[in-house]
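S.K.: Residue numbering for the sequence shown follows my numbering, beginning at 295 and increasing consecutively.
The beta carbon of each residue, even a glycine, is placed where N, CA and C say it ideally should be.
Source: prediction; values computed, not measured.
Below are the structure tokens for one structure; questions will follow.
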Amino acid sequence: MSDLLPNHLAGRWQAGRGAGTALFDPVLGTELVRVDNSGLDLEQGFEFARRQGGGALRAMSYAQRAGLLGAVQKVLQAGRDAYYEISTANSGTVQRDTAIDVDGAIYTVGVYARLGAALGERAFLLDEAAQSLSRDGAFQSQHLLVPGRGVALFINAFNFPSWGLWEKAAPALLSGVPVIVKPATATAWLTQRMVADVIEAGVLPPGALSVVCGSSAGLLDALRGFDFVSFTGSAHTASLIRSHPAVAERSVRVNIEADSLNSALLLPGQDDAALQLLASEVVREMSVKSGQKCTAIRRVLVPESRLGDAVQAIVGGLRELRVGNPRNPQASMGSLVSREQKDAVLRGMDELRRHATVLHDGAAQPLLDADPETSCCVAPLLLGLPDAAAGDGAREVHEMEVFGPVATVLPYRDTAQAVELARRGGGSLVASLYGSDATELAQAALRLADSHGRVHVVTPQVAQSHTGHGNVMPQSLHGGPGRAGGGEELGGLRALRFYHRRSALQAPGAVLDALPQGID
Ligand code: NAP
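Have a look at this one:
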């Protein structure tokens with residue numbers, strides 16, 4: 295039997311009492327490690343994190359906690375090779391995809407270390423300037439942001455075991471809030487290993503970082519009124535979390551990152567340069583992490599008159615992909631993370647095929663060094679609607695998120711219809727716009743902003759410098775309204791607000807002037 299990974303809770307390593315759930319190599323089908331948390335005293339572990347971890351973190355300034363993040367970043371840099379190996383084995387990712395998860399995490403921690411250092415030796419933040427409450431200005435209102443006294447529970451998705459942890463942990467730890475992470479079971483190994491490395495390096499106070507692998511049972515029950523839960527995963531699990539008594543009755547603050555049917559939109563009247571940019575971004579988004587990215591392009595909106603050109607350019611790019619074993623350097627696309635995901639994606643593809651035409655099916659090509667039966671590799675599938683009129687009535691392509699390498703091309707008749715179609719996603723993480731006229735792009739971006747957490751605008755001038763439709767940069771907001779979960783993460787220092795409590799201090803000006811740097 296494979297090794298059972300221990301959990302780190304209440305400041306010590308603890309093995310679950312059960313046999314555990316096995317994690318597999320999705321390409322070779324071999325068992326790798328097991329996870330289990332049965333028998334753990336969650337209440338005690340959460341209380342230890344609040345008291346010991348939270349107490350130690352809150353006793354520091356932002357700059358000191360930024361120093362901790364700097365030390366964490368060094369630990370992660372030192373372990374990078376091992377993380378790449380685990381990712382290949384457990385997530386079936388090619389190097390490029392592992393880099394997004396592992397190097398993306400290391401970069402994000404570094405950004406928060408720098409942002410935190412600039413906050414200096416303070417222990418709390420001011421929220422905008424004081425306002426006078428009296429005619430003579432003697433009595434004022436100053437809003438404060440003080441670090442929350444709870445613990446932050448992260449329940450994460452399987453697709454980013456590294457970045458998914460650190461994009462949340464960096465702002466939480468910088469805010470002075472201890473972290474307990476429960477990674478998705480299928481790919482929990484990398485998260486557990488990174489936490490283990492940071493714990494062993496002794497760079498964080500005891501209780502500041504804990505990991506619980508395996509079942510989610512009992513985790514939400516251990517939450518108290520001042521705690522935080524940050525969830526990334528399906529809309530279905532999100533609704534269970536929202537209705538859990540911890541959230542519904544104890545007002546635990548919750549952030550949800552859920553499904554999203556993101557779109558890419560080529561504005562009307564574009565030359566081939568803009569069309570090519572859209573096409574290569576679509577190919578990249580379908581292939582990176584085999585489409586298992588919450589920000590991936592699922593819907594491609596093109597003017598009816600350019601439908602043929604757009605499809606030709608996208609299919610040309612898809613034909614160059616080689617799907618297979620990520621250990622083969624010629625493979626440009628690896629595998630889905632599990633048999634369960636493969637079955638779900640193939641089912642979803644079959645369902646979408648009933649509502650759209652197949653424009654390209656990569657399944658016709660043999661896999662590279664991978665057994666089609668054993669491995670969880672799935673080739674890209676491009677679907678399309680025939681004309682703009684078909685888009686008016688289409689429903690499934692706007693509502694069904696298939697978490698794999700699949701996208702649908704939707705022709706539109708004018709910009710108004712294109713924006714309306716993008717909005718049919720019901721709230722998305724990101725839309726990207728392709729064109730060359732700054733005024734038209736700016737107008738379209740504003741029209742999409744209310745239904746998208748991020749709008750990514752690409753012109754031929756930024757062909758080399760734009761950061762990519764699906765890449766989540768720590769400087770920009772990650773999250774989206776409606777179906778996308780309504781959450782907000784990252785966005786530079788904005789991320790700290792979730793882990794702070796806002797309090798309005800109504801007081802004489804002299805008291806506001808006497809506010810100390812630290813909190814006793
Ligand atoms: P999921 O089934 O909802 O699982 C997500 C996490 O929730 C896992 O850690 C899972 O643990 C845990 N979980 C399952 N049931 C739970 C319950 N009753 N109470 C508490 N936690 C529970 O989602 P998934 O299928 O793994 O992830 C894919 C989905 O995530 C996609 O729909 C995708 O759009 C979304 N996603 C969104 C973002 C974003 O940032 N918006 C990013 C990535 C993925 P186990 O693994 O142990 O079951």
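(1) I'd like to know whether the C-beta atoms of Ser730 and Pro754 end up nearer to each other than 8 Å.
(2) Could you tell me whether the Cβ atoms of Gly719 and Val639 are closer together than 8 Å?
(3) Check this for me: beta carbons of Leu784 and Glu461, under 8 Å apart or not?
(4) Quickly, what does DSSP pair Ile608 with across the bridge? List them, please.
(5) Under 8 Å between the Cβ atoms of Val617 and Cys671?
(6) Would you say Gln425 and Ala801 are within 8 Å of each other, going by their C-beta atoms?
(7) Taking the beta strand (DSSP E) that Phe340 belongs to, which residues open and close that run?
(8) What is the DSSP secondary structure of Leu513, counted as helix, strand or coil?
(9) In this structure, does DSSP put Thr772 in helix, strand or coil?
(10) Any heavy atom of the ligand NAP inside 7 Å of the beta-carbon of Leu409?
(11) Determine the DSSP secondary structure at Lys636, reduced to helix, strand or coil.
(12) Return the residue from the list Glu337, Leu615 and Gly333 that minimises the CA-CA distance to Ala657.
(13) Grab me the residues of Gly312's own chain with a C-beta within less than 6 Å of its C-beta, minus the 5 sequence neighbours each way, in chain order.
(14) How big is the Cα-Cα spacing for Met488 and Asp375?
(15) For the candidate residues Leu572, Ala529 and Leu595, whose alpha-carbon lies nearest to that of Cys588?
(16) Between Gly305, Tyr706, Ala399 and Arg429, which lies nearest to Gly602 when the distance is taken from Cα to Cα?
(17) Taking only the alpha-carbon atoms, compute the straight-line gap between Arg621 and Asn301 and give it to the nearest angstrom.
(18) Out of Gly519, Ala701, Arg689 and Ala625, state which residue places its alpha-carbon closest to the alpha-carbon of Gly386.
(19) Unbroken beta strand (DSSP E) runs of length 3 or more, entirely within the stretch 519 to 558: which are they?
(20) Mapping the DSSP letters down to three states, classify Phe448 as helix, strand or coil.
(21) Do the CB positions of Gly404 and Gln346 come within less than 8 Å of each other?
(22) Taking the DSSP output, what are the residues bridged to Val327?
(23) If I measure Cβ to Cβ from Val766 and keep anything under 6 Å in the same chain, skipping five residues before and after, which residues do I get?
(24) Should Gly779 be counted as a contact of the ligand NAP given a C-beta to heavy atom distance under 7 Å?
(25) Rounded to whole angstroms, how far is the Cβ of Asp525 from the Cβ of Glu551, which I believe are closer than 8 Å?
M.R.: Short version:
(1) Along the sequence shown, one-based indexing puts residue 730 at 436. Along the sequence shown, one-based indexing puts residue 754 at 460. Cβ atoms of Ser730 and Pro754: closer than 8 Å.
(2) By 1-based counting over the sequence shown, the position of residue 719 is 425. By 1-based counting over the sequence shown, the position of residue 639 is 345. Result no, Cβ atoms of Gly719 and Val639 do not sit closer than 8 Å.
(3) Translated into the one-based positions of the sequence shown, residue 784 becomes position 490. Translated into the one-based positions of the sequence shown, residue 461 becomes position 167. In this structure, Glu461 lies closer than 8 Å to Leu784 by Cβ.
(4) Translated into the one-based positions of the sequence shown, residue 608 becomes position 314. According to DSSP, Ile608 bridges with nothing at all.
(5) Stepping through the sequence shown from its first residue, residue 617 is reached at position 323. Stepping through the sequence shown from its first residue, residue 671 is reached at position 377. Yes, these two residues count as a Cβ contact at 8 Å.
(6) To locate residue 425, count along the sequence shown from 1; it is residue 131. To locate residue 801, count along the sequence shown from 1; it is residue 507. No.
(7) Counted from its first residue, the sequence shown places residue 340 at position 46. From DSSP, Phe340 is part of no beta strand (DSSP E) but of the alpha helix (DSSP H) over Leu336 to Phe342.
(8) Walking along the sequence shown from the start, residue 513 turns up at place 219. It is coil, neither helix nor strand.
(9) Start at 1 with the first residue of the sequence shown, and residue 772 comes out as number 478. Before going further, note that residue 772 is His rather than Thr in the sequence given. Reduced to three states, the DSSP call for His772 is strand.
(10) As a working note, residue 409 is residue 115 in the sequence shown. No, the beta carbon of Leu409 sits no closer than 7 Å to any heavy atom of the ligand NAP.
(11) Locating residue 636 in the sequence shown gives position 342, where the first residue counts as 1. In the structure shown, Lys636 sits in a helix (DSSP, three-state: H, G or I).
(12) Reading the sequence shown from its first residue, position 363 is the one you call residue 657. Of Glu337, Leu615 and Gly333, the residue nearest in Cα terms is Leu615.
(13) The residue you call residue 312 lines up with position 18 of the sequence shown. Cβ neighbours of Gly312 beyond the five flanking positions: Asp330 and Ser332.
(14) Against the sequence shown, residue 488 aligns to sequence position 194. Against the sequence shown, residue 375 aligns to sequence position 81. Computed Cα separation, rounded: 12 Å.
(15) Residue numbering aside, residue 588 sits at position 294 when the sequence shown is read from its first letter. Closest by alpha carbon: Ala529.
(16) Within the sequence shown, numbered from 1, the residue matching residue 602 stands at position 308. When only C-alpha atoms are compared, the closest one is Tyr706.
(17) To locate residue 621, count along the sequence shown from 1; it is residue 327. To locate residue 301, count along the sequence shown from 1; it is residue 7. The straight-line gap from Cα to Cα measures roughly 29 Å.
(18) Looking up residue 386 in the sequence shown gives position 92. Ranking Gly519, Ala701, Arg689 and Ala625 by Cα distance to Gly386 puts Ala625 first.
(19) 522 to 526 and 547 to 551
(20) One-based indexing of the sequence shown puts residue 448 at position 154. The answer is strand: DSSP assigns Phe448 an E or B state.
(21) Locating residue 404 in the sequence shown gives position 110, counting from the first residue. Locating residue 346 in the sequence shown gives position 52, counting from the first residue. No, they are not a contact pair.
(22) Residue numbering aside, residue 327 sits at position 33 when the sequence shown is read from its first letter. Answer is Asp297 and Leu317.
(23) Counted from its first residue, the sequence shown places residue 766 at position 472. So the list reads His772, once near-sequence residues are dropped.
(24) As a working note, residue 779 is residue 485 in the sequence shown. Yes, since a heavy atom of the ligand NAP falls inside the 7 Å radius drawn around the Cβ of Gly779.
(25) For the purposes of this step, residue 525 is taken as residue 231 along the sequence shown, with counting starting at 1. For the purposes of this step, residue 551 is taken as residue 257 along the sequence shown, with counting starting at 1. Reading the sequence as shown, one finds Phe at residue 525 and not Asp. Indeed, because the Cβ distance is near 7 Å, the residues count as touching under 8 Å.
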